[in-house]
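Number of protein chains: 2
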Amino acid sequence: MAAKGDLMAWIARKGFVWGPSPELYGGLAGFYDYAPLGKLLKNRVEAVIQETFVKHEFWEVECPIITPEQVWQASGHLSGFTDPLIKDEQGNVYRADHLVKERLGKEAVELDGKTVSLEAATPEQLIAVIQAEGITSPRGKKLIPEIKQHSLMLGTTVGLGQEAYNRPETATTTYLPFTRYLSFFRDKLPFGVFQVGKAFRNEVSPRQHILRQREFTQAEAQLFLFEDQKQPYEPFRDVKDDRAAFLPAGGEQQDMTFGEAHKRGHFTSEAYGWVIRLAYTLFKNMGIPADKMRLRQHAEDEKAFYADDAWDVEVELQSFGWYEICGVHDRTTYDLGQHAKHAKQRLVARNEATGKKEVPHVLEIAFGTDRPVFSLMDIFYKYDEQKEQDTFVIPAMMAPIQAAVFPLVNKEDLPDIARQIYEDVADAGLVATYDRSGSVGRRYARMDEVGTPYCITVDFDTKKDGTVTVRERDSTKQVRVKKEDVVAFIKDAMSGKQKI
Amino acid sequence: MAAKGDLMAWIARKGFVWGPSPELYGGLAGFYDYAPLGKLLKNRVEAVIQETFVKHEFWEVECPIITPEQVWQASGHLSGFTDPLIKDEQGNVYRADHLVKERLGKEAVELDGKTVSLEAATPEQLIAVIQAEGITSPRGKKLIPEIKQHSLMLGTTVGLGQEAYNRPETATTTYLPFTRYLSFFRDKLPFGVFQVGKAFRNEVSPRQHILRQREFTQAEAQLFLFEDQKQPYEPFRDVKDDRAAFLPAGGEQQDMTFGEAHKRGHFTSEAYGWVIRLAYTLFKNMGIPADKMRLRQHAEDEKAFYADDAWDVEVELQSFGWYEICGVHDRTTYDLGQHAKHAKQRLVARNEATGKKEVPHVLEIAFGTDRPVFSLMDIFYKYDEQKEQDTFVIPAMMAPIQAAVFPLVNKEDLPDIARQIYEDVADAGLVATYDRSGSVGRRYARMDEVGTPYCITVDFDTKKDGTVTVRERDSTKQVRVKKEDVVAFIKDAMSGKQKI
């Protein structure tokens, strides 16, 4: 038995995530199964993403996972998307930057009087640190001072001889139909598109559960606009009074409005500020509390090769402290420029303001959907010491199962009445479950363990006066509601219109 | 310009599907992009799948695409999942069974007095037919009488040396967590799980647009139950009076109820009949007309290696005639048996009725979600000769965009009022678009071309009496509705409660 209050044990035991998958064959590191409750939670997270992007007039697309090698030559991934590996004298392989980070317990080191982020360090810098600090392998073995760049790309062969890859990110595949978008949007910029789909990274030793997988679901949105449309950017006016915690590069964390952040020069443009605020809104809409979120700007040496400016959304996890769950990048003309060059085609649009054909800029939001799923489990999982029981106090709108229906006992027609209410709740589009086994107390406990906010019990009074008991998870308060009103009651309670 | 009324040209031009993808790099056969309208349509199809399975108490899971080779050794795919390839004297490669089918214009041939389906023919049988009929390549070249089995599996290497594959089907990955399911469902059978996700088949020359891709989205549902639970199967009673067109193996197509079909011995069990009816219901719920659907039983030599009995759902397409869009299989204990053997673990559950531990049977529904998407486009696309215009008469519930909002002219505050109505419609969860450019007639035509069922126009009367015009796509009838009632009006119209 796992220790009481162990998040990972609860995640597997209650049917959220199983793995590494396939467990039946010993499991492959970095691959996981979403079990029924985890899949319901992931669906809710992805529904919020879809609704939020659509509401902001981004249009969804779906592009293939498998992509020919020319694409990744152009994007820079084939040469640049690598991890530095190092061996110890026994031949065990480690990711050098992570090893140094863990052994030193810090993210950055001083080298020649400069602060260097370890993730951004060159192989030479890593070896210099390893030698200066006398770093050994976790088993205390000597490290061989040689770093090999390991490609994170998962290759395959299509047909009889076309080299191709499982995409390492969705974004590049989203850019490729650019000229098609122009015609779809009738040559009017700005326009936005988004994609949610699988991406793959062949990390050598993935850890941290679903936060760092070899196969994961990525969501990203791309706003295409001309450089002169980045500022002023009209929609920024509607959001400039929204607040967040900001941690600019080299500065202190501070609460302020997006308007103030822009005035202080934290964003390169209003449009970029608007996109950062949209990313922040996504996670707020998923129910992540504002006091667990902040926006952090990348240091100069930490930015990806394609990014002119980069801000992350970070959440504060019980398990891992402040953790990146989303990146927002000003990719300028990098991607369209690269693909135009490699495909030998012009990727431009006519800017009515200048009368010229120009390469549009791209502002991007990119993240793995697995990370907010993990964050919600991490933040809202609690062990109730008094009841000696797991609880999951996730906001009702995000709960995997929204309502459970119980007959008090399996006598007379209580099960039939309960079953009918279950059908009504399910027909109303709520995810419901019907449970007739064990004491009602035990059934409440089972639902508290998985975060179900409302339990509906049919008892003998139901037969007399047509009412049922609705019990709320966190307060454990119970109220009686007419059985024909129960669907509307729960919907109102979930949206906050109705208090229990 | 493509010919008027050309389905494929309309699909690409209006932003449903683009490809083969990536077009910018010349395209790779068998890979397509879902453009914005195609993606909205695919989302609706997948939402119906999810709702229908959840309503029938199947629980969704999500398993990795990349799976280690042991899994596919056990499932039989590594050795058995191949296509027969043949070369001509110039070295051009063809899929032998398809080549013979096309050259002869039939699906089956007579060999030694027996009817042999070409898809099921052995390499020796194919060569015999090629020689007997003097079949040449499509370019008239001689075929070399030698067939090579080409694996359809897309291999890759995970980590530094683990051989793995992009799964060729989702189903096998769904079976692997069997012992986890047992605990999740508290050891009670039957239970059902389903999965919607990508699968991959490295066909040598894929054709037929998104009907036959190398990368496609598969949806499948698995009902686990003990053999003695297959009949009687209680839930069959609720559906036995539902009707469909049945084409049993070796018989004639006939309309009947599921109950009659069972009485005539067309299903091996009531449970299998219930699952076939559930598959049929899925496509009915997507809006495919009953007179375009039939259920067809596989002939003995046509069944997959794992299937005890197999029925297909077929739809009648304008482009390809009767076409398989879904398979329903009684897989008996095949999969759990194979994985138990290869993983050296017992995959059994205790049957309370017999008091014994038994290997459950599995009844399966499996299909690609791309096929119903194509079917809906194929069936409901029309070219209106009179208007000289494309139209898409898809049922309103399935339309990619459900409502368009127009200001009659860009004068006074008509655009502001229209914009507010657009926001209200979008907030109500409908997919809407706002369009202010061109004549209203041109805007109606643009919406007819992509199947938008309702157009809402704000005109000068709106300012006087607060009403707007709602125009229905197929009848082109217009009614005036109060602007605050327009969301409810459209929802009622869509569900058939309100006639226009």
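Note that the protein sequences, when read in sequence, are chains C and P. Take any residue in the first sequence, count from 1 to its spot, add 99: that is its number in the working numbering. Take any residue in the second sequence, count from 1 to its spot, add 99: that is its number in the working numbering. Glycine residues also receive a C-beta, built at the ideal position from the N, C-alpha and C atoms. This structure is a prediction, so every number in the text was calculated from the model and none was measured.
Residue i versus residue j - alpha carbon distance
i, j, result
"C:Leu288", "P:Asp489", "26 Å"
"P:Lys297", "P:Thr316", "4 Å"
"C:Gly254", "C:Cys425", "26 Å"
"P:Glu487", "P:Ala108", "15 Å"
"C:Gly420", "P:Val160", "29 Å"
"P:Pro347", "P:Leu106", "32 Å"
"C:Gln501", "C:Val414", "25 Å"
"P:Val192", "P:Leu184", "7 Å"
"C:Val461", "P:Lys562", "40 Å"
"C:Tyr482", "C:Gly104", "5 Å"
"P:Ser250", "P:Arg194", "12 Å"
"C:Ser178", "C:Gln172", "7 Å"
"C:Glu55", "C:Leu198", "Shown here, chain C extends from 100 to 599; a query on residue 55 of chain C therefore has no answer."
"C:Arg279", "C:Leu324", "15 Å"
"P:Lys362", "P:Glu201", "38 Å"
Cβ-based burial, residue i [other Cβ within 10 Å; buried from 16]
i, result
"C:Phe180", "buried"
"C:Ala389", "exposed"
"C:Phe277", "buried"
"P:Lys141", "buried"
"C:Ser368", "buried"
"P:Asp411", "buried"
"C:Pro237", "exposed"
"P:Pro267", "buried"
"C:Ala320", "buried"
"P:Asp182", "buried"
"P:Met100", "Low confidence applies to P:Met100: its pLDDT is 44, below 50, so where it sits in the model is not reliable, and the reading given next is rough at best. So P:Met100 ends up on the exposed side."
Residue i in three-state terms, based on DSSP
i, result
"P:Thr532", "strand"
"C:Ile387", "coil"
"C:Asp408", "strand"
"P:His397", "coil"
"P:Met355", "strand"
"P:Arg279", "helix"
"P:Met100", "With a pLDDT of only 44 at P:Met100, under 50, the local geometry of the prediction cannot be trusted, and no value is derived from it."
"C:Met252", "coil"
"C:Lys440", "helix"
"C:Ser174", "helix"
"P:Phe115", "coil"
"C:Pro267", "coil"
"P:Ser368", "coil"
"C:His460", "strand"
"P:Gln501", "coil"
Contacts of residue i in chain P (Cβ-Cβ under 7 Å)
i, result
"C:Gly114", "Phe283"
"C:Lys138", "Glu159, Val160 and Glu161"
Of the listed residues the options, nearest to residue i (C-alpha basis)
i, options, result
"P:Gln330", "P:Pro347, P:Arg363 and P:Tyr371", "P:Tyr371"
"P:Gly467", "P:His441, P:Phe559, P:Glu314 and P:Lys456", "P:Glu314"
"C:Pro119", "C:Arg112, C:Gln312 and C:Ala270", "C:Gln312"
"C:Lys576", "C:Glu583, C:Pro121 and C:Thr568", "C:Thr568"
"P:Leu357", "P:Trp373, P:Gly350 and P:Glu351", "First, the amino acid is wrong: residue 357 of chain P is Phe here, not Leu. Measuring from the Cα of P:Phe357, the nearest candidate turns out to be P:Trp373."
"C:His441", "P:Ala403, P:Ile599, P:Gly125 and P:Phe588", "P:Gly125"
"P:Ala465", "P:Thr453, P:Lys443, P:Asp429 and P:Arg445", "P:Asp429"
"P:Pro334", "P:Ile375, P:Pro514 and P:Tyr433", "P:Ile375"
"P:Gln248", "P:Tyr543, P:Phe491 and P:Asn301", "P:Asn301"
"C:Arg342", "C:Ala318, C:Thr380 and C:Asp327", "C:Thr380"
Contacts of residue i in chain C (Cβ-Cβ under 7 Å)
i, result
"P:Trp117", "Pro276 and Arg279"
"P:Lys329", "The premise fails here: P:Lys329 is roughly 23 Å from chain C at the closest Cβ pair, so nothing lies under 7 Å."
"P:Ser120", "Cys162 and Pro163"
Partners in chain C for residue i, counting only beta-carbon separations shorter than 8 Å
i, result
"P:Ala348", "Per Cβ cutoff of 8 Å: no residues; P:Ala348 is ~34 Å from chain C at best."
Per-residue contacts from residue i into chain P (C-beta, under 9 Å)
i, result
"C:Arg313", "Pro163, Ile165, Val257 and Gly258"
"C:Asn450", "Those do not exist, as C:Asn450 stays about 18 Å from chain P at its closest Cβ, beyond 9 Å."
Listed by chain order, chain P residues near residue i by CB distance under 8 Å
i, result
"C:Gln169", "Tyr124"
"C:Val361", "Reading the sequence as shown, one finds His at residue 361 of chain C and not Val. Simply none; closest approach about 25 Å."
Near the ligand MN: residue i beta-carbon under 8 Å from a heavy atom
i, result
"P:Gln396", "You won't find the ligand MN in this model; it holds no ligand whatsoever."
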